[in-house]
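Visitor:
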Amino acid sequence: MQIKTAKFVISNTDPLKCPQSSKPEYAFVGRSNVGKSSLINMLTNQKKLAKTSGRPGKTQLINHFIINEYWYLVDLPGYGYAQVSRTQRRKWQDFVRSYIQHRENLTCVMVLVDVRLEPQQPDTDFIEWLGVNGVPFAIIFTKADKISKNQLAKNVAHYKKELLKTWEELPTTFITSSETKEGSKEVLSYIDQINEQLKKR
Numbered sequence: 007m008q009i010k011t012a013k014f015v016i017s018n019t020d021p022l023k024c025p026q027s028s029k030p031e032y033a034f035v036g037r038s039n040v041g042k043s044s045l046i047n048m049l050t051n052q053k054k055l056a057k058t059s060g061r062p063g064k065t066q067l068i069n070h071f072i073i074n075e076y077w078y079l080v081d082l083p084g085y086g087y088a089q090v091s092r093t094q095r096r097k098w099q100d101f102v103r104s105y106i107q108h109r110e111n112l113t114c115v116m117v118l119v120d121v122r123l124e125p126q127q128p129d130t131d132f133i134e135w136l137g138v139n140g141v142p143f144a145i146i147f148t149k150a151d152k153i154s155k156n157q158l159a160k161n162v163a164h165y166k167k168e169l170l171k172t173w174e175e176l177p178t179t180f181i182t183s184s185e186t187k188e189g190s191k192e193v194l195s196y197i198d199q200i201n202e203q204l205k206k207r
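According to my numbering, the stretch in the sequence shown is residues 7 to 207, in order.
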């Protein structure tokens with residue numbers, strides 16, 4: 007898939023105010039500072055579509071972008087940032103989980119995971135929640151350029167082994183780097199394949 011157009015549509019904290027549409031929707035979410043905005047900018051080949059920041063927890067809203075006038079890319083607030091107040095974390099949990107559970111045209115949740123780290127409980131808890139609620143998702147490992155190829159392979163294998171403790175079948179996974187653009191074609195191809203399947207229905 008080639009992204010020809012990517013435009014900002016709306017930001018809000020109320021799932022009921024999201025665009026009324028039957029267009030396929032792909033939500034990107036992960037722990038704060040996982041590199042989500044950088045990944046979105048890489049995939050869309052734009053430098054400032056999603057706002058990047060060195061300060062974790064920058065994204066506080068549900069941000070909709072229309073891609074190729076056909077599908078939505080949704081940038082969700084990050085989770086797991088310790089310096090965010092308990093009230094703010096609860097607020098995030100309420101409106102983001104409400105969005106995920108009730109957004110009828112949500113096609114897949116892309117869970118971003120920092121490949122440099124050991125499996126983090128906020129990630130595994132969220133993945134478990136998606137599974138319990140029957141939400142389709144894929145895992146995108148980020149920041150692959152920050153470690154050696156050997157360590158990368160070990161970390162991914164370790165993560166998959168951890169998931170297999172509670173999952174019978176592993177979700178689709180991708181390895182990406184916003185710096186080198188690794189994984190961009192694979193992620194977009196995956197989205198394109200799902201969109202094509204939806205067209206046939």
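C-beta atoms are modelled at their ideal positions from N, C-alpha and C, and glycine is treated no differently.
With a threshold of 16 other CB atoms inside 10 Å of the CB of residue 149, please say whether the residue is buried or exposed.
Guide: Buried is the call here.
Visitor: Hey, residue 116 and residue 40: beta-carbon distance below 9 Å or not?
Guide: Going by C-beta atoms, residue 116 is not nearer than 9 Å to residue 40.
Visitor: CA-CA distance, residue 182 and residue 20?
Guide: When rounded, the distance between both Cα atoms is 30 Å.
Visitor: Cβ atoms of residue 51 and residue 184: under 9 Å apart, would you say?
Guide: No.
Visitor: Measuring CB to CB, does residue 133 end up less than 9 Å from residue 146?
Guide: No. Outside cutoff.
Visitor: For residue 76, count neighbouring Cβ atoms within 10 angstroms of its own Cβ and tell me buried if that reaches 16, exposed if not.
Guide: Exposed.
Visitor: Using 10 angstroms around the beta-carbon of residue 45, count the other beta-carbons present and answer buried if the total reaches 16, otherwise exposed.
Guide: Residue 45 is buried by the Cβ-count criterion.
Visitor: Would residue 49 and residue 194 qualify as a contact pair, given that the criterion is a beta-carbon distance under 9 Å?
Guide: Yes, the Cβ-Cβ distance between residue 49 and residue 194 is below 9 Å.
Visitor: Can you check which of these residues, 118, 70, 74 and 140, is closest to residue 213 by C-alpha distance?
Guide: What the structure shows of the chain is the stretch from 7 to 207, and residue 213 is not part of that stretch, so it cannot be assessed.
Visitor: Over what stretch of residues does the alpha helix (DSSP H) that includes residue 135 continue unbroken?
Guide: Where residue 135 is concerned, the enclosing alpha helix (DSSP H) stretches over 127 to 138.
Visitor: Which of the three DSSP states, helix, strand or coil, is assigned to residue 170?
Guide: Correct three-state label for residue 170: coil.
Visitor: In three-state terms, what does DSSP make of residue 22?
Guide: Helix at residue 22.
Visitor: By Cβ distance below 8 Å, which residues in the same chain neighbour residue 61 in space, the five residues on each side in sequence not counted?
Guide: Note on residue 61: pLDDT 45, under 50, position unreliable in the model; no value is reported.
Visitor: What are the start and end residues of the beta strand (DSSP E) that includes residue 112?
Guide: Its beta strand (DSSP E) spans residues 112 to 120.
Visitor: Look at the alpha carbon of residue 189 and the alpha carbon of residue 151, and state the distance between them as a whole number of angstroms.
Guide: Going by the C-alpha atoms only, they are around 11 Å apart.
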